[in-house]
Structure formats: structure tokens, C-alpha cells
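Remarks on the structure that follows.
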Amino acid sequence: MKKWNKDHVINTLPARKPDAHKGTYGTALIAAGSRFMPGAAVLSALACMRSGVGKLEMGIEESVIPYVIQHLPETTFVPGFYERLQNLQLNQYRVLAAGPGREADDETETTVKAFLKSDVPVILDAGALSQRTYIDRKAPVILTPHPGEFLRISDISMEELEENQQQAVTKFAVETGVTLVLKGQQTITAFPDGDVYINTSGNSALSKGGTGDTLTGMITGMLCCHDDWKHAVLNAVYLHGACADEWEKTRSAHTMLAHELSDLLPEVWKKHEGN
Ligand SMILES: NC(=O)C1=CN([C@@H]2O[C@H](COP(=O)(O)OP(=O)(O)OC[C@H]3O[C@@H](n4cnc5c(N)ncnc54)[C@H](OP(=O)(O)O)[C@@H]3O)[C@@H](O)[C@H]2O)[C@@H](O)CC1
Ligand SMILES: Nc1ncnc2c1ncn2[C@@H]1O[C@H](COP(=O)(O)OP(=O)(O)O)[C@@H](O)[C@H]1O
Ligand SMILES: [Mg+2]
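Okay, structure coming up:
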């Protein structure tokens, strides 16, 4: 299986355009968070804004807004998101993401269906991961399950998955026409054209609640600043792990908190920018 390593990242990270304005990097919409899981909205929003997006709007329950705004005044919110979902102009967004801190309930499923009807890239994680078929669309659909979620959305058994992860994820990606990021100790990214890469960064500091929500935000933000969407996905997975590797250089792997990935990203990203 092909590896995505540091040199690939250095060669594909985008330069920040000197004449850029907010619109250059677009506006992303993340539908995340719920009354008892507000933190996932904060984590995904923080990571997205740290990862190159122009502006971020959140589709969240009103009760969650104070939590997000406390940590991230840079985010704005879609008023009455769930009530107005069917009337939103979703093609105005650069990227749409759903799922962190969401239950796999009807409201989340309705959000997913609306997002998939759009013509822009869609990232689905956590509560937005359910077993479904995906109609053909121009823009990519990117799923980011951990193994437990992958078993939930596919007909694959744990034994099959353990026997040959690459084959299982590649088969799923090609058959469903979506990109699958199977998160784990060595995250595998399988594209619908059969291309598949194994990530070469990260460590068990990441086995902590909220790091997956953070990755969703990073993928969302990087899709807004990369020209090649595949590079955006692969680089987000790599830099997410590289932040944990930076953490572990001087601190115990037991101690990292998910939001600290976003605190480390500025320096870690800089270290991967060619001169
Ligand atoms: N601060 C916040 O707001 C946070 C909010 N969060 C939100 O919580 C929601 C639920 O997401 P979730 O991943 O925590 O639980 P769930 O979907 O039930 O999956 C766990 C099940 O899968 C199984 N499993 C097998 N292999 C596995 C693996 N490698 N990694 C992980 N699990 C693995 C595992 O089996 P086990 O090994 O425990 O027997 C267990 O049965 C979601 O919306 C998310 O965004 C969280 O992100 C945390 C921070
Ligand atoms: N032992 C490990 N080594 C490297 N990465 C890990 C390890 N355990 C978990 N991860 C990474 O941590 C993240 C966990 O994602 P997820 O389970 O969705 O977390 P959450 O839903 O709590 O935010 C994934 O990116 C996964 O690749
Ligand atoms: Mg998760």
C-alpha cells in the first residue's frame, strides 16, 4: 500500500496567496454539536478555522452557540439551521461537513440528505455515518469512520476488516463511489478510483475523545485552501498525526487533549512548508 509521508505533504501544501481575501478560501458550513455533546462543535470549528478556511458558519442547535462563541468568536451561525435547512443555498459554501457531536438520528439524516443534494464537497463523520447508498455527484463525499463506525455503515465483518483492511476499505470506496478515511493507529485513505494510501504520522496520544471531531474540522479547512482535494484529505490526516507526534516529543502521550491538536497545528504546519 502506498504511504503518504512528510515529503508528500511538503510538496503538496498550498502557499497562502498574498492577494488573498476571505472569499479566496471560501466559507465552510459544519453541522455539528448537540445539547449533551457541544464540545464536538467547538473542536471541529476550531480545527477548521486553523486549517485554512476563509470563513466558517456553523449549523447547530441554539443551545450550543454560547459554547462555541466562548472559544471561537470567529465563527458565525446559521439562524434556525435545522428548521430552514431545506431552503438554504448550500452551493454557496465551499465545503459542507456534518456529524461531530451528533446522534445518528432523523435530524442528522435530513441534514446529510440535503448536503448530498448539493454540488460541493461533503464530509460525513460520527452521527452522520449511517448505512446508505450515494448517488453519483461531481464533488467528493468523504467519510471518516473509526472501525466501530465502519462496521456500522458497511456489510463488512470485524473479521474481514482485521484480515485485510486495505482490501475492505478500497472495495467499499470503489463500490460506493465515496472516499473512505478509516481512522486508526495507521489511518487508511481509499479513494473511489481505487487509489489508497496509509498514513505515516500519529501515535496513541490521539486515542482520546474529540480527536476525530478535530480531524473532521481539519479536513474541512484544508479542502478550502488546497487546489487538489485528495491532497487536502491526505495532508489533513498527516498533519493531525504530526501534531500528536509533536506533542509526544516533550509530553506524555497519556495527557493530550483533542483541542491541543489545533493549538499545535500552526507550528507543525509551518515545519512542513517548503522554503
Ligand atoms: N467532546 C465531545 O463532544 C465529543 C463528542 N463525541 C461524539 O460522540 C459520538 C459518538 O462517537 P464515539 O466514537 O465516541 O462512540 P460510537 O460512535 O458509539 O463508537 C464507539 C463504538 O465503536 C467501537 N469501536 C471499535 N473500534 C473502535 C475504534 N478504533 N475507535 C473508537 N471506537 C471503536 C467501540 O467499541 P469498544 O471498543 O468501546 O467496545 C464503541 O462501541 C459522536 O457523535 C462523536 O462526535 C466524541 O467524538 C467524543 C468527544
Ligand atoms: N493508537 C493510535 N495511534 C494513532 N492514531 C490514533 C490511535 N488511536 C486513535 N487514533 C486516531 O484518533 C482519532 C480518533 O477518532 P474518533 O474515534 O472519531 O474520535 P472522536 O470521535 O472521539 O473524536 C482518529 O483520527 C484515529 O486515527
Ligand atoms: Mg469520531
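Per full-length UniProt numbering, the very first residue in the sequence shown carries number 1; after that it's consecutive.
Virtual Cβ for every residue (Gly too), placed ideally from N, Cα, C.
Could you pull the start and end residues of the alpha helix (DSSP H) that residue i belongs to?
i, result
"K113", "106-116"
"V95", "Where V95 is concerned, there is no enclosing alpha helix (DSSP H), although the beta strand (DSSP E) it sits in stretches over 95-98."
My understanding is that residue i touches residue j, with C-beta atoms under 8 Å, so please give their C-beta distance in whole angstroms.
i, j, result
"T170", "K3", "With 8 Å as the limit, T170 and K3 do not qualify as a contact, their Cβ atoms being about 15 Å apart."
"V95", "T220", "5 Å"
"R241", "L264", "The sequence given here places Gly at residue 241; Arg does not occur at that position. Not really, about 11 Å apart at Cβ, beyond 8 Å."
Only counting the same chain, and skipping five residues up and downstream in sequence, which positions put a Cβ closer than 6 Å to that of residue i?
i, result
"I156", "A168"
"T108", "R102, G127, A128"
"A104", "G127, S130"
"P50", "In the sequence on display, residue 50 carries Arg and not Pro. Taken in chain order, the residues that qualify are S262, L265."
Considering only residues of the same chain and omitting the five flanking positions on each side of residue i, which have a CB-CB separation below 8 Å?
i, result
"G209", "A258"
"T214", "L43, S44, L46, A47, H240, A258, H259, L261, S262"
Does DSSP put residue i in a helix, in a strand, or in coil?
i, result
"residue 282", "The first residue shown for the chain is 1 and the last is 275, placing residue 282 beyond what the model contains."
"G184", "coil"
"N199", "strand"
"F77", "strand"
"L143", "strand"
"K22", "helix"
"K249", "helix"
"S34", "strand"
Could you spell out where the beta strand (DSSP E) holding residue i opens and where it closes?
i, result
"G210", "No beta strand (DSSP E) contains G210, which DSSP labels as neither H nor E."
"E260", "Careful: E260 lies outside any beta strand (DSSP E), inside the alpha helix (DSSP H) at 259-271."
"G59", "55-59"
"V122", "122-124"
In its own chain, which residues sit with a C-beta less than 7 Å from the C-beta of residue i, not counting the 5 before and 5 after it?
i, result
"T110", "L85"
"N5", "T200"
query: Can we say the stretch 194-208 touches the stretch 20-33, given the rule of at least three CB pairs closer than 8 Å?
result: They do not touch, by the three-pair rule.
field: Three CB pairs or more closer than 8 Å across the stretch 215-235 and the stretch 24-41
entry: Touching, yes, given that three or more Cβ pairs across the two stretches are closer than 8 Å.
message: I want to know whether the stretch 5-22 touches the stretch 30-41 - three or more CB-CB distances under 8 Å.
response: In short, these stretches do not touch, since the Cβ pair count stays below three.
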